[in-house]
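Notes to accompany the following structure.
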Amino acid sequence: MGATNFAGLNSKQKIVWSRRVWNAARDRMFVKRFIGNDENSMIQRITELTKSEKGERVLMQLVADLVEDGVVGDGDREGFEEEMKNYEQEITIDLISHQVKNKGKLADQKTVIKFREQARNRLAYWLANRIDQLVFLTLSGVSYAFLNNGAPRSASSPFPNLAFAADNQAPTSKRHLRWDATSGLVAADTTLVDSNDVITYKTIVDLVAYAKDHYVKPLMDGGKEYYVMLVKPGTMAQLKKDPDYQAALKGAKARWEGKGDIYAWVKNSGAYLKTGNAYANELFTKWKGSVMTPQALTDEEIDAIFAYVEAYAPPAPPTGTTPDGAPVATEEPGNNWIWLVVLALLFLVVGLSLAGVKRSLNNAVREAEGQEPEADLPRIQRFRKWAWEHKVFMSFAGLFVFVWLILLAWDAAWVIGVYGGEEVEHYKPEQPIAFNHTLHAGKADKGNLAINCQYCHSSVEKSKHAGIPSANVCMNCHKAVSEGKNTGTAEIAKIYAAVGWDPAKQEYTGKEEPIRWVKVHNLPDHAFFSHAQHVAVGKLECQECHGPIDEKMDVAEQWAPLTMGWCVQCHNEKEVKMAGNGYYDEVMARLNGDEKLGHHELKKYLEDGKITVRELGGWECAKCHY
Numbered sequence: 117m118g119a120t121n122f123a124g125l126n127s128k129q130k131i132v133w134s135r136r137v138w139n140a141a142r143d144r145m146f147v148k149r150f151i152g153n154d155e156n157s158m159i160q161r162i163t164e165l166t167k168s169e170k171g172e173r174v175l176m177q178l179v180a181d182l183v184e185d186g187v188v189g190d191g192d193r194e195g196f197e198e199e200m201k202n203y204e205q206e207i208t209i210d211l212i213s214h215q216v217k218n219k220g221k222l223a224d225q226k227t228v229i230k231f232r233e234q235a236r237n238r239l240a241y242w243l244a245n246r247i248d249q250l251v252f253l254t255l256s257g258v259s260y261a262f263l264n265n266g267a268p269r270s271a272s273s274p275f276p277n278l279a280f281a282a283d284n285q286a287p288t289s290k291r292h293l294r295w296d297a298t299s300g301l302v303a304a305d306t307t308l309v310d311s312n313d314v315i316t317y318k319t320i321v322d323l324v325a326y327a328k329d330h331y332v333k334p335l336m337d338g339g340k341e342y343y344v345m346l347v348k349p350g351t352m353a354q355l356k357k358d359p360d361y362q363a364a365l366k367g368a369k370a371r372w373e374g375k376g377d378i379y380a381w382v383k384n385s386g387a388y389l390k391t392g393n394a395y396a397n398e399l400f401t402k403w404k405g406s407v408m409t410p411q412a413l414t415d416e417e418i419d420a421i422f423a424y425v426e427a428y429a430p431p432a433p434p435t436g437t438t439p440d441g442a443p444v445a446t447e448e449p450g451n452n453w454i455w456l457v458v459l460a461l462l463f464l465v466v467g468l469s470l471a472g473v474k475r476s477l478n479n480a481v482r483e484a485e486g487q488e489p490e491a492d493l494p495r496i497q498r499f500r501k502w503a504w505e506h507k508v509f510m511s512f513a514g515l516f517v518f519v520w521l522i523l524l525a526w527d528a529a530w531v532i533g534v535y536g537g538e539e540v541e542h543y544k545p546e547q548p549i550a551f552n553h554t555l556h557a558g559k560a561d562k563g564n565l566a567i568n569c570q571y572c573h574s575s576v577e578k579s580k581h582a583g584i585p586s587a588n589v590c591m592n593c594h595k596a597v598s599e600g601k602n603t604g605t606a607e608i609a610k611i612y613a614a615v616g617w618d619p620a621k622q623e624y625t626g627k628e629e630p631i632r633w634v635k636v637h638n639l640p641d642h643a644f645f646s647h648a649q650h651v652a653v654g655k656l657e658c659q660e661c662h663g664p665i666d667e668k669m670d671v672a673e674q675w676a677p678l679t680m681g682w683c684v685q686c687h688n689e690k691e692v693k694m695a696g697n698g699y700y701d702e703v704m705a706r707l708n709g710d711e712k713l714g715h716h717e718l719k720k721y722l723e724d725g726k727i728t729v730r731e732l733g734g735w736e737c738a739k740c741h742y
């Protein structure tokens, strides 16, 4: 990378400058994530030429697969051997460089632009972009005389004259497949490619099937096989416009109605398959065992994707029967540590048994030689003697047990006081009265009552606790409403019994019975959480912590894990809503430029255009642990 002429840099400064630019460019490269040194990397890094190994070419050896059918039965294989074929490919190395120019220190003084920093950033972006271009052109077999979008490169560009540009030839029929609307995948040269040959959903399906049929080695990640396809943004846009691609997504939510949890399926299809859901396993079988990559999406983001897809109006998905197939047998996740304990106990029993056999054999030998047998020591003393004779083994065993106990303690610490953290998400205890949150708080256009949460939980803006409404609050409505939409009079009768209300006489009897609600959300005593701080100040909606209680929660359940990690992540990402929030008037004044309030100190947190809870002290231990 060429150096700038900032302040007349010496040779060492130029080296440092170039390294910084290269490091910044490497972090920006799209292809970086696919580069590695092992055979499981999509793009393998070759390090043959070093400072001590001079040269301009790197030789790659390719060994062809065997194609003959061999010999049947006991036939003579001599004379029918298949010759091993190998091919060589030379890769010529070359250098690309660029540089910027600055007039000097006075130019830096005259402007607020930090030219040194900007030069490094612009050069790094240029280098990353050009490397990505060359990689895509090489993989596609397109001449360096063209840009990635197919437009001719500038006539003054040196790229077509690079030494390794000669190796970049158009694909042949042996390394190139083209999708044809009539014939499917066909071997073709680039001369046969025209404007009608656009990528489709069928292209991807057939490519994966072709790769598996021809034993093309996939990449492995987490024990799963993946095929990688690199496409340009324009190509991806074309794919999203494909009717078959849209049809595969459109109506997905409707097709899942009553068949399972589509949100869990989208977030982690591999984990959801283990639940044994019949429809999920049917899809898994239909699409030839393809597992989607886990997605860190919220339910709202998934709904937005479905809404985007449904906005299109492609042809209706083709009708027809789906392939029959039984659900794939899967193993239910278990506790591995239990098996480790069982295995350890088994080894212990075997070891003690072998020690007893050894002692018996030794005594038999001693008796045959006329010696006294070994004294029959107590079990503890025998174990101590055996442990001393096997010090190395006992040392490693002790280390293993110690590490195992530390890991158990670490896992337990993360969920302490929350009764299992993520393992008990969606904890849904049976309540004495089947109160339907969705019916009461859900939207009116869906046939619900749309009652504001704070009508029942009235202390949520003023107190640490949201509060459990008294039965008298229920009676504000149920004096007149004596029959429910779903349960008739059964559940409402329990409210009447609690407050001592006679619906026939329309009067109170004075005989009251407390409602013994079962607590759903429980934080440890060492954790302080204030509903008022989050609702009145933070302007959070109830659903952000309690889930879609107004949409699909007939019975109240624990939606979030409520672990420390979950809280910390929210404080790190959640943007503070300061506009129109009187609690943050002083902070807003700082942001608006009141010099006396020290806005300079605050503006350093606005590099991303927002202020998070963490930046206002939300990560201080004493905020949650008094």
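Numbering follows this note's numbering, in which position 248 of the sequence shown is assigned residue number 364; successive positions increment by one, without gaps. Ideal placement from N, C-alpha and C gives every residue a C-beta, glycine not left out.
Kindly indicate which residue of the options has the alpha-carbon position closest to the one of residue i.
i      : options                           : result
ALA180 : GLU204, GLU197, GLN160 and ARG193 : GLU204
ILE212 : SER134, PHE512 and PHE551         : SER134
CYS572 : LYS559, MET591 and ASP561         : MET591
PRO640 : THR319, GLU199, TYR742 and ILE421 : TYR742
LYS217 : ASN202, THR208, ALA235 and GLY189 : ALA235
GLY681 : VAL458, GLN659 and ALA643         : ALA643
ALA676 : LYS544, VAL589 and LEU461         : LYS544
TRP520 : LEU464, ILE454, ASN602 and ASN588 : ILE454
ILE594 : CYS658, ILE611 and GLN160         : What sits at residue 594 in the sequence shown is His, not Ile. Nearest of CYS658, ILE611 and GLN160 to HIS594, Cα basis: ILE611.
HIS542 : LEU555, SER476, ARG730 and CYS661 : CYS661
VAL615 : LYS402, GLU599, GLU416 and ASN588 : ASN588
ARG99  : GLU485, GLU172 and ASN237         : A query on residue 99 cannot be resolved here, the shown segment of the chain reaching from 117 to 742 and no further.
ARG755 : VAL344, ARG482 and SER476         : The structure shown does not extend to residue 755, since the chain is modelled only from 117 through 742, so no value can be given for it.
GLY350 : ALA648, SER598, TYR624 and ILE315 : ILE315
PRO548 : ASN568, GLY514, ILE608 and ALA596 : ILE608
VAL636 : CYS683, ALA582 and VAL481         : ALA582
GLN249 : ASN478, ALA503, GLU206 and LEU346 : LEU346
CYS569 : PHE196, ASP313, GLY696 and GLN659 : GLN659
ASP419 : ARG269, GLU667 and LYS601         : GLU667
ASN139 : ALA240, ASN153, LYS128 and GLU488 : ALA240
ARG161 : LYS128, ARG269, ILE207 and VAL187 : ILE207
SER272 : TYR260, ALA606 and GLY266         : TYR260
LYS369 : THR391, ILE421 and LYS562         : ILE421
ARG498 : GLY467, PHE516, ASP527 and LYS328 : GLY467
What are the partner residues of residue i, as DSSP defines its beta bridges?
i      : result
PRO268 : PHE262
GLU769 : Beyond the ends of the chain as shown, which are 117 and 742, falls residue 769; an answer cannot be given.
ILE151 : ILE159
MET336 : GLU341
GLN177 : GLU204
THR728 : GLU691
How many whole angstroms separate the CB atoms of residue i and residue j, which I take to be in contact at a CB cut-off of 8 Å?
i      : j      : result
GLY376 : ALA396 : 6 Å
GLN670 : ASN564 : Before going further, note that residue 670 is Asp rather than Gln in the sequence given. The Cβ separation is near 11 Å, so there is no contact.
SER646 : LYS580 : 5 Å
ALA557 : ILE665 : 6 Å
GLU577 : ALA672 : Not a contact, Cβ separation roughly 20 Å.
GLU691 : THR728 : 6 Å
LEU301 : TYR326 : 6 Å
ASN202 : LEU175 : At roughly 11 Å, the Cβ-Cβ gap does not stay under 8 Å, so ASN202 and LEU175 are not in contact.
LYS693 : LYS655 : 5 Å
ILE209 : GLU172 : 6 Å
LYS411 : VAL382 : First, the residue type needs correcting, since residue 411 is Gln and not Lys in the sequence shown. The Cβ separation is near 6 Å, so the contact holds.
LEU335 : MET158 : 6 Å
Closest Cβ-Cβ distance between residue i and chain B: below 8 Å?
i      : result
GLY350 : Here there is only one protein chain, and chain B is not present.
Can you give, in chain order, each stretch of the beta strand (DSSP E) that sits fully within the segment 597-679 and has at least 3 residues? Those beta strand (DSSP E) runs which fall completely within the segment 597-679 and span 3+ residues do not exist here.
Stretch pair the segment 238-249 + the segment 135-146: three plus CB contacts closer than 8 Å: With a cut-off of 8 Å, the segment 135-146 and the segment 238-249 count as touching, because enough Cβ pairs lie within range.
Taking three-plus beta-carbon pairs below 8 Å as touching, is the segment 312-323 in contact with the segment 355-362? Output reads yes: the segment 355-362 touches the segment 312-323.
Any chance the segment 733-741 sits against the segment 684-691, with 3 or more Cβ pairs inside 8 Å? By the Cβ criterion, the segment 733-741 is in contact with the segment 684-691, since at least three pairs of Cβ atoms, one from each stretch, lie closer than 8 Å.
Along the chain, which unbroken stretches of the alpha helix (DSSP H) at least 4 residues long are found entirely within the segment 536-591? Counting only runs that start and end inside the segment 536-591, the alpha helix (DSSP H) elements of at least 4 residues fall at 553-557 and 569-572.
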